[in-house]
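Worksheet: the structure to be examined is printed underneath.
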């Protein structure tokens, strides 16, 4: 999407896929590639800055605490969360994350987040319909192994069968906010992607995927001044 002149690229995939690492490395590589920067500036006819937003910062502490226990938000709670994420992105795009001395028009913004559920994806897509989506494709086993190796990460991996079989763990509550429509955690398995998207092979080196992400960004349409 182009919001206030900023093209949006959504890098998503299972928790542990390496989305934020790839995104950060792509931004660093872009900033160090003067030839690519000049090309993008010529296309946009003004300074071009690539920035990143990690939507993990939007996850409230109560949700992180519950994730760490294998407890998952209700449908109502995660829809509220999705709209808060959209609000956060709009505010950041309006304010600009780049150097304030540089124009923010015609920038590209990489947004990294898991977007495990269909409803989270659809809410975000309805708010930013022109965004380009890039899936970091990893197996459940590999993503879980990576997550479990990160001691500081709040997410423990996809919902296991033991979680879905236990009535006490089927929903969580925040101040007794119980949603009877969400009776199991099966929808916290990473949902199949049914819309158009680019794919990065999560088994490949981070550096290689970062360069591929830059190539995707280089092909983005943008308005000229």
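In our numbering, the protein residues as written are 877 to 1101. Think of the CB as a built atom: it goes at the ideal place given N, C-alpha and C, for glycine as much as any other residue. No experiment lies behind these values; they were computed from the predicted model shown.
In the three-state reduction of the DSSP assignment, residue 985 falls in the strand class. For residue 901, same chain residues with a beta-carbon under 7 Å away, outside a window of 5 residues either side, are 1082, 1083 and 1086 in chain order.
Taking a 10 Å sphere around the C-beta of residue 984, we find 16 or more other C-beta atoms and assign the residue as buried. Shortest Cα-Cα distance from residue 956 to any of 1076, 883, 934 and 1097 involves 934. For residue 888, the three-state secondary structure derived from DSSP is strand. In the displayed model, residue 1008 falls within a strand according to three-state DSSP. Contact between the stretch 1004 to 1017 and the stretch 881 to 895 is present: three or more C-beta pairs spanning the two stretches fall below 8 Å.
In the structure shown, residue 1072 falls within a coil segment according to DSSP collapsed to helix, strand and coil.
Cα atoms of residue 932 and residue 989: separation of roughly 7 Å, rounded to the nearest angstrom. Taking a C-beta distance under 8 Å as the contact criterion, residue 986 and residue 903 qualify as a contact pair. The beta carbons of residue 893 and residue 1019 sit closer together than 8 Å. Along the length of the stretch 939 to 978, whole alpha helix (DSSP H) runs at least 4 residues long occupy 951 to 971, reported in chain order.
For residue 996, the closest C-alpha among the options 1016, 1014 and 950 is that of 950. A residue is called buried when at least 16 other Cβ atoms come within 10 angstroms of its Cβ; residue 1097 does not meet this threshold and is exposed. Ranking 1002, 914, 1017 and 961 by CA distance to the CA of residue 929 puts 961 first. Between residue 911 and residue 918, the alpha-carbon positions lie close to 11 Å from each other.
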